[in-house]
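Chemist:
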Amino acid sequence: MLFSLLLASMLAAVPPGFDLNSATYEELLGLEGLTSGQAVILYDYIQGTGGLESIYEVVDLPGFTPVTLGWLRENVIVLPAPEPEISSDILNVMERLAQEDGPGDAAVEYWEDLLLRPMPINQVSWWDLRSLDRVSFIDAASVDNRLRTLGPVSSVSSLRSTEYLRYYGYRNMKDYISTREPDYSSTDFFGGYRFIYDDNEGRDGIDDNLSGHISEMKSAISDILDGGRELSSTSIDSLELITRLQSEYAQLLEARDVSGFSHRVRVGAGDRYRAGARLSRGVNSIAGSDLIAGLDAPVNNRFDLGKAYFSFQNDGFVRQVIAGNYRLSLAQGLLIDNSDELMYRNTYRTWGLTPDLTSSRQNALFGAATQIVAGPVLGYAFGSFTSRDAVTNLDGTPNVLYQGEFRPEEYSGVLNETTYGGYAFYDLGDYLPVGTAIGVGVLGIQYSDSLNPSVAGMDIPNDTYTWDCPEYAHMPSGDRQSYFAGSAQSVYKNMSAEVEAVRQDNGAWASITTASWQNNWFHLTGSYRNYALDFMNPYNRAFAEQHRFDDTVFEKSYRLNDPLASQLADLPVPKPEEGLYVETRFQVSQQVTFTKVYLDVWRNLAYDTENLRFQGEVEYRPVWPVRFRLKYKFQDKINHKDIVPSNSRTQEFTLRTFSLPVGGDYFSMELRYGNVELTPNPLYGDDRNMSGGFLAMRWEHEFSPELSVLGGSTFWTTNGMSQWEFEDTGIDFLDGDGTKFYVTMKNTLSDNLQLRFKFLRKDTFFPHNGFYRPDPDDQYHYQGDPDETVTDFGDHVIDYGIRCQLDIRW
Amino acid sequence: MGITAGGMIILLALSGGLPEVMWLGDEGILGSAGAAAMGNTVYADVSPQAALQNPAMASQLPEGFSAGITGAVALDIEKRTRRVYDSFGGVVGESEHSFNQNFHPLPGGAAVAWKQGDLAFSAGWRAASSFAYKYSRVMNDGDYVKVAQETLDISGILNDFGLSAAWTQWGMLSVGAGGSFVTGTRSMDHRIDYVDPTAMDYEAEIDADISGIVVRGSALVSLNRVSISAGIEQPVSWKTKIESIETDLTIPMTVRAGLRYLPGNRLMSLFVADFWWSCTGSVEIADVDAGMRNSWGFGAGVENTLPGGIIGRVGFEYDSSLLAGALDRMKITTGVGWAVDDLTLDAGISFSPVRWDQYQADGLPSFTLGDSLVVESSRTAFTLGLTKTF
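Read top to bottom, the protein sequences are chains H and Z. Residue 380 in my numbering is what sits at position 380 of the first sequence, and the numbering runs on without skipping anything. Convert by adding 810 to the 1-based position in the second sequence; the result is the number in my numbering.
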């Protein structure tokens, strides 16, 4: 009855300015110009599409006539539906990870946050802006100088005219800054949840090659059981070793079926409080990564990484306090940058203290950290207590710190680490050019057990190889280390200079000096580094050409007691090296640009060998939507050997083209050929040339700003030289001969929900020839069936990958 | 899971506890073809067929009479390889041991529903589970001379005849109840024919009749753009009969939940997700722990109306195995749909690969003895469906 009365009163008259898009279901039912059926259809349409863009859209709805349209035009209006607040850039920013010399995982998460809540530009300083992707020190200082001298800006675009700010730098910062005023009294609650499912059914060659580790482990076990290592005649307890290797082997086998899951929640209140947590399991993670001790869950139901933080911001001189997991990256990364990644030849560093919910595990810091700004002083202080993985000696003592994709129980959480320190910078911008500052820092590390880098724990006794690894010989021993740092930096007009030096408590030094000159059409960066052989800071992520254990015995698992220790080759600490790096970009004309040209000449300080790397890339843009890029890389490396050093010369040619053929489409094609010339070795048939190449294509079609589909395909062939390629969100290694394709869908459903799906299929062919053996005892055989010999065959491996990412925000 | 688990457990009992994964059957297409294209999110599906699975969902069907039908064909490919080792024990590669393809129909279902005001009803038939497996291998001796031909053929279907009803109160809360009678057969023929006429061939045939009842209850809350439903499914009175030997089984309950979210954008997008969990880890056969795991699964999918009116769908599904982690299965799905007045035609395709080592599922029937057999299999299914509102 009441409803009927209400309906009758509404039918009587339509209120002026009646908006269809914001009308309720009952209000639409009450419109005299619509039947109830039309009202239902119209309401469903408005709900489903987010609203009418124009009143004329109704004629496309079933049951709507020109008469209905005429009545609606006379009596109601259509106000535009609100614009979405979430940019599809949040999905795209992840793709920056998959670029050569791309940024790290931690930085990408930080940028995603900034896309949602940009930096208040009128409140920031050069050190805030240095945390942004591809924003140089000069760019950051020029904006800071503009704000200090001319005062606040009313729009981001007014920064465009800032003196010495490149358009490139402006373009890369504009999405992450805004002129909003922070509201520290607000307790507006917001947050987001991200779920990622990552499966690589059979695809274990993505990164660290699980199959390879399994095979190597099995070989080592067989070798020991066959007495091939003569362990019984040495001091090493062969029973202890074989037990360990068999345990690791079983864990590696389990890891093949482990798919990746990640849950991440972040919440905030106003501009003051932040909190977050992450629970995840990596693809092919193994049992050693059991997060909760004593929880005897099947490996597929476990998580291997848990992180959480709470942060408090901007209260007096306290700029930020973080309790829980945090990431700290300061100056040039020589003293502290607790990431699991070492970015090669990285001249753009993310600066600052940020909460850490990234996949970094071995170098994660858990405790408390603070950032203060008191007048001209910018200070950071931090403390952490957490467990660390280590390779162990056979007596159970820790040998060296370990970081690897595969963490056996025997290596995980072997010792606890207490880390503490601070870095203080004095900003001289009031007296000298803005950006000028000097700093001092200290870092202390204390372990619960003494590190004992014993060669006997690594080297296979009595084999033909004589252990020789200076990088290992200078790994830290004992239960504590300390480091002291000094740094200085300045900007003058469009030039900058930075220097950082760190001294270890053993007297070893490391230093890096970088200088740049830039404008819109040219930039030049030079960097000199010198990292002493006995300098080993586990948090050093400064500019480097190689990992510490690249080109060492750790790349040859068959020379190690425990093949899994070969993962130390990926320890993300720079190699002891002295080098000079020069990089430039030069835009010759609108059509021709040398996009990136660099030369790195460095000396391996472990063996005093000289190396060289050069890359040149030129871009030709005949018309605006089409670009061609030709890239050439050359690397000459000398590797130490017992008698005569061996030499490798690598060349790589890449031709790429990008085009935007129609509105929302993007097409790219890449052709690459590479070869390596090695010192001939009779052991490998004196074959001195290896080569490989691929052809990759990618096409992205944008159906609407909310939906795009990307498809890619690659064909490759190799002759000993495996290739690597960047997919949309990751790197892939290509061996043998093969093809692959993948499809990625990015869908922004609403301000609250975003999706990314990816599916991949990869076919790799490995020919296996020459299995004939005249000696009956040396035949190839099937496992468990030694009487059945194997003849030549072709191995066809089919890999599937699926990845689903779901973001819910509120 | 539910009924399929019932089929699995019965077969486990019949085979003396051998978890023979290829004998367990596959879950049928329980919802519409649209749901199949969105990660098989049956519990979030609005269709007459899905209303049998999630009774409360019938309340979301359009007013009046509606009907739906689905059917599919599947291509199963299975490759078995054996690892090749060098004299140091290192893996050289994997050589092919057997390769089988089986193209077969995959029964779907048909259902009708009627909704008037706060009441809704549905009735229909679905293929709850189907058995379709063909295996053939030439057995050679060490000199690659054929000694025998081995074949395994499994066929059959579990039919689900169901009814459900839903009642809506206060416009936003719906409750539903339903039940099914399940009946079907499964036939297995395993033989080895030796070339040597003096050798005795092997042949085993087992035919099983399966029957049972399933009761279901669910509730649904619809809030503006979001609807959430949750419910339970309890098989009761399960029996199997092989050559006059009848066996009763107790099958655990399955908990299910579903979500539909209408974001409201120009693509008229729809996001759906569902989840299920079953305490299959508690199953005992003849008072002995069956050694199975608790099982669970989830699916998610999205639908967008593309320019031109075609509906595009994509989704994925993950189902944990109650037997072994190595048998956990993921599925990627996609599809399209066209709506013309009250008639909707949907097509979907799903792809599901899985790979495991023989030793990872203890007790597999040994088509090869004592070596590390690696099994790679995939199923590609094409689904078609029609829905009509009268």
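Ideal Cβ placement from N, Cα and C applies to all residues, glycine included.
For Asn647 (chain H), write down the residues that DSSP places opposite it in a beta bridge.
Modeler: H:Ile638
Chemist: Given this structure, state the Cα-to-Cα distance separating Ala823 (chain Z) from Pro1045 (chain Z), to the nearest angstrom.
Modeler: The pLDDT assigned to Ala823 (chain Z) is 44, lower than 50, so where the model puts this residue is not dependable; a value taken from the coordinates is nonetheless given after this. Distance between the alpha carbons of Ala823 (chain Z) and Pro1045 (chain Z): 17 Å.
Chemist: Distance, Cα to Cα, Ala1191 (chain Z) vs Arg803 (chain H)?
Modeler: 20 Å
Chemist: Is Lys174 (chain H) helix, strand or coil when you go by DSSP?
Modeler: In the three-state scheme derived from DSSP, where H, G and I count as helix and E and B as strand, Lys174 (chain H) is classed as helix.
Chemist: Counting only runs that start and end within the region 1064 to 1101 of chain Z, where is the beta strand (DSSP E) found for 3 or more residues in a row?
Modeler: Whole beta strand (DSSP E) segments, 3+ residues: 1064 to 1071, 1080 to 1088.
Chemist: Assuming Ser482 (chain H) and Gly439 (chain H) are in contact, meaning their beta carbons sit under 8 Å apart, how far apart are those beta carbons, in whole angstroms?
Modeler: Contact doesn't hold; Cβ gap of about 17 Å is too wide.
Chemist: When you compare the CB of Tyr411 (chain H) with every CB in chain Z, is at least one pair closer than 9 Å?
Modeler: no
Chemist: Going by the beta-carbon positions, is the gap between Val597 (chain H) and Arg585 (chain H) smaller than 9 Å?
Modeler: yes
Chemist: For a contact defined as C-beta to C-beta under 7 Å, what are the partners of Asn209 (chain H) on chain Z?
Modeler: None at all; the shortest Cβ gap to chain Z is about 12 Å.
Chemist: Could one say the Cβ of Leu1077 (chain Z) lies closer than 9 Å to chain H's Cβ atoms, at least one of them?
Modeler: yes
Chemist: Quick one: complete beta strand (DSSP E) runs, 3+ long, within the region 911 to 999 of chain Z?
Modeler: Fully enclosed beta strand (DSSP E) runs of 3 or longer: 929 to 950, 956 to 979.
Chemist: Just verifying my parser: in three-state terms, what is the DSSP assignment at Ser329 (chain H)?
Modeler: strand
Chemist: At a CB distance below 7 Å, what residues from the region 39 to 57 of chain H approach chain Z? Give them in sequence order.
Modeler: Gln47, Gly48, Thr49, Gly50
Chemist: Are there 16 or more other CB atoms within 10 angstroms of the CB of Gly1074 (chain Z), so buried, or fewer, so exposed?
Modeler: buried
Chemist: Report the residues of the region 721 to 747 of chain H with a CB closer than 8 Å to any CB of chain Z, ordered along the chain.
Modeler: Taking 8 Å as the upper bound on Cβ-Cβ separation, chain Z lies near residues Met745, Asn747 of the region 721 to 747 of chain H.
Chemist: With distances taken between CB atoms, is the gap from Val820 (chain H) to Leu42 (chain H) smaller than 9 Å?
Modeler: As displayed, chain H neither begins before 1 nor continues past 810, which places residue 820 (chain H) out of reach and without an answer.
Chemist: Among H:Leu560, H:Leu129, H:Phe694, which residue has its Cα nearest to the Cα of Met669 (chain H)?
Modeler: H:Phe694
Chemist: Please classify Thr679 (chain H): does DSSP put it in a helix, a strand, or coil?
Modeler: Looking at Thr679 (chain H) - three-state DSSP - the assignment turns out to be coil, as it is neither helix nor strand.
Chemist: Which residue's Cα is closest to the Cα of Lys218 (chain H): H:Ile638, H:Ile196, H:Gln251?
Modeler: H:Gln251
Chemist: If I follow the unbroken beta strand (DSSP E) through Phe312 (chain H), where does it start and stop?
Modeler: Judged by DSSP secondary structure, Phe312 (chain H) falls within the beta strand (DSSP E) whose first and last residues are 305 to 315.
Chemist: Would Ala843 (chain Z) pass as a contact of Gly918 (chain Z) if the rule is Cβ separation under 9 Å?
Modeler: yes
Chemist: Within the chosen definition, does the region 992 to 1004 of chain Z reach the region 963 to 979 of chain Z through at least 3 CB pairs nearer than 8 Å?
Modeler: yes
Chemist: Grab me the residues of Pro1117 (chain Z)'s own chain with a C-beta within less than 8 Å of its C-beta, minus the 5 sequence neighbours each way, in chain order.
Modeler: none
Chemist: Under 8 Å, with one C-beta from each stretch per pair, do the region 1014 to 1026 of chain Z and the region 1042 to 1059 of chain Z reach the 3-pair mark?
Modeler: The region 1014 to 1026 of chain Z, when compared against the region 1042 to 1059 of chain Z, does touch it at the 8 Å Cβ threshold.
Chemist: Among the residues of its own chain, which have a CB less than 6 Å from the CB of Gly812 (chain Z), if the five just before and after it don't count?
Modeler: With a pLDDT of 47 at Gly812 (chain Z), under the threshold of 50, the predicted position of this residue should be treated as unreliable, though the coordinate-derived value follows. Around Gly812 (chain Z): Glu1043, Thr1064.
Chemist: Does Asn611 (chain H) come out as helix, strand or coil in the three-state DSSP assignment?
Modeler: strand
Chemist: Assign Phe137 (chain H) to one of three DSSP states: helix, strand, or coil.
Modeler: helix
Chemist: Taking its Cβ as the centre, do 16 or more other Cβ atoms sit within 10 Å of Ser1092 (chain Z), making it buried, or is it exposed?
Modeler: Answer is exposed; the Cβ neighbour count stays below 16.
Chemist: I need the DSSP call for Gln1044 (chain Z), collapsed to helix, strand or coil.
Modeler: strand
Chemist: Would Leu335 (chain H) pass as an interface residue toward chain Z - the criterion being a Cβ-Cβ separation below 9 Å?
Modeler: no
Chemist: Please give me, in chain order, every unbroken run of the beta strand (DSSP E) with length at least 3 that falls completely inside the region 230 to 285 of chain H.
Modeler: 260 to 269, 273 to 281
Chemist: From Z:Thr1143, Z:Glu1186, Z:Asp886, pick the residue whose C-alpha is nearest to that of Ala1157 (chain Z); which is it?
Modeler: Z:Thr1143
Chemist: Alpha carbon to alpha carbon, what distance is there between Gly383 (chain H) and Gly441 (chain H)?
Modeler: 14 Å
Chemist: Between which two residues does the beta strand (DSSP E) containing Lys758 (chain H) stretch?
Modeler: 753 to 768
Chemist: Mark Leu11 (chain H) as exposed unless 16 or more other C-beta atoms lie within 10 angstroms of its C-beta, in which case mark it buried.
Modeler: Note on Leu11 (chain H): pLDDT 44, under 50, position unreliable in the model; the coordinate value appears next. Exposed, by the Cβ-count rule.
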